[in-house]
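Per numbering that gives the first Met the number 0, the very first residue in the sequence shown carries number 0; after that it's consecutive.
The structure appears right after this line, and notes come after that.
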Amino acid sequence: MPPRISCPQGLSVFSLCIRPAAARPIPTLQPLVQKASLSQEEKKKLRKQQPYKWAQIQARKAVKVERQEEIKKARVASLGSPIHGITTPFIESLDSAGQEPVSKLFFKTNENGEREPVPLPTTPGLLNHHLTKQELDEALSMAYQLSKPIENTNRNLVDAVKEAQEQKRHEERHQRATIALERITSLDNANAKSRKIVNIRRCVETLGRHNTDNFLRPKPRAPGLPEREVLQRGGPDTGSSEVQIALLTAKIRVLAKIFEGPYGHKDKHNRRNLRLLLHRRQKLLKYMERKERGSERWQNMIQTLGLTEATWKNQIDL
Numbered sequence: 000m001p002p003r004i005s006c007p008q009g010l011s012v013f014s015l016c017i018r019p020a021a022a023r024p025i026p027t028l029q030p031l032v033q034k035a036s037l038s039q040e041e042k043k044k045l046r047k048q049q050p051y052k053w054a055q056i057q058a059r060k061a062v063k064v065e066r067q068e069e070i071k072k073a074r075v076a077s078l079g080s081p082i083h084g085i086t087t088p089f090i091e092s093l094d095s096a097g098q099e100p101v102s103k104l105f106f107k108t109n110e111n112g113e114r115e116p117v118p119l120p121t122t123p124g125l126l127n128h129h130l131t132k133q134e135l136d137e138a139l140s141m142a143y144q145l146s147k148p149i150e151n152t153n154r155n156l157v158d159a160v161k162e163a164q165e166q167k168r169h170e171e172r173h174q175r176a177t178i179a180l181e182r183i184t185s186l187d188n189a190n191a192k193s194r195k196i197v198n199i200r201r202c203v204e205t206l207g208r209h210n211t212d213n214f215l216r217p218k219p220r221a222p223g224l225p226e227r228e229v230l231q232r233g234g235p236d237t238g239s240s241e242v243q244i245a246l247l248t249a250k251i252r253v254l255a256k257i258f259e260g261p262y263g264h265k266d267k268h269n270r271r272n273l274r275l276l277l278h279r280r281q282k283l284l285k286y287m288e289r290k291e292r293g294s295e296r297w298q299n300m301i302q303t304l305g306l307t308e309a310t311w312k313n314q315i316d317l
């Protein structure tokens, strides 16, 4: 029989077990966890049970929304509008098709300290119905000669009083016809389609490379590459990137004014057209930035059309 070893009586209550302990049961009621957004029932319950806490939440939310609006306004002011960019004298002159002589938005201070409007780029030689001032003057001069009373060569048979009356009547009719033709051909009385045609000609003449190549230097090439050969253009430049961007900008300005009008939110068709024009201009601007970034042609286009980084870098949403 093995010997019995005496030990303290308290150790007999301990038991050694190497089996894993059983998992603790999961309580059926989970503790309340604060979430980022509350459901409608939780908001209603919180507003009813803890009105002071609910007021604090609403105050913090109001401050946050106000700060977001301030940041958004500062960003828009720095980048400009993705639709309009920054209004320049040339862009403002598109509204009147180059007929308004002075600006309504830009002012400068003269020597006497008075504010006076800035002059706008105008094209008084362009008229409605695809006419020019020179063509109208030539037509009026020819009409005056054709409608002039025939002078009798035999001066002995001429009634001087009657001849003077006919000449006076002819002058009056010609003056009335001149006033009527000036009103008909004036762009102040033209519709939007006629103003668009005139603005297309103005954009081509202002930014076309057949004119800008005379005073803008091309972008310098990398060392070792030969200089590009300058080709003579056969006519006005209508296909370069800056001209296409200018034409899209003129169309966008007209559509944006319609869309921002009192019933613009109902015009779904123009909303889609405006979005298409904006993204088409954005693609051309990205191409132009990649090809002509830092050149005089790029700077001239940006300054003339008032385009900012918001028009080609960021996402455009309407």
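In this text, a Cβ means the ideal position worked out from N, Cα and C, and glycines have one as well.
Three or more Cβ pairs drawn from the stretch 304-317 and the stretch 79-90 lie within less than 8 angstroms of each other, which places the two stretches in contact. No residue range can be given for residue 292, since it is assigned to no alpha helix (DSSP H) and is classified by DSSP as neither H nor E. In the pairwise beta carbon analysis, the stretch 263-280 is classified as touching the stretch 237-247: at least three pairs are separated by under 8 angstroms. With respect to the C-alpha of residue 230, the residue from 208, 60, 143 having the closest C-alpha is 208. Contact annotation, residue 269 with residue 247: C-beta distance approximately 15 angstroms; criterion of less than 8 angstroms not satisfied. By the C-beta density criterion, residue 127 is buried, having at least 16 other C-beta atoms within 10 angstroms. Here the alpha carbon of residue 295 sits roughly 6 angstroms from the alpha carbon of residue 215. Counting along the chain, residue 211 sits inside no beta strand (DSSP E); it lies in the alpha helix (DSSP H) bounded by residues 208-211. With contacts defined as CB atoms closer than 8 angstroms, residue 100 and residue 131 fail to qualify as a contacting pair.
Looking at the DSSP output, residue 108 bridges to 114. Excluding residues up to 5 positions away in sequence, 86, 91 lie with their Cβ nearer than 8 angstroms to the Cβ of residue 104 in the same chain.
Non-local C-beta neighbours of residue 78 in its own chain, meaning closer than 7 angstroms and more than five positions away in sequence, comprise 307, 308, 309, ordered along the chain. Below 8 angstroms, enough C-beta pairs join the stretch 166-174 and the stretch 136-154 to call them touching: three or more. In terms of Cβ geometry, residue 291 and residue 311 do not form a close pair [threshold 8 angstroms].
Residue 97 sits away from residue 160, with the two beta carbons spaced by 8 angstroms or more. In this structure, DSSP gives residue 131 an extended state, which the three-state scheme calls strand. Taking the CA atoms as reference points, residue 38 sits about 19 angstroms from residue 61. The bridge partners DSSP lists for residue 80 are 84. The residues 217, 220, in chain order, have a CB closer than 8 angstroms to that of residue 227 in the same chain once the five nearest residues on each side in sequence are set aside.
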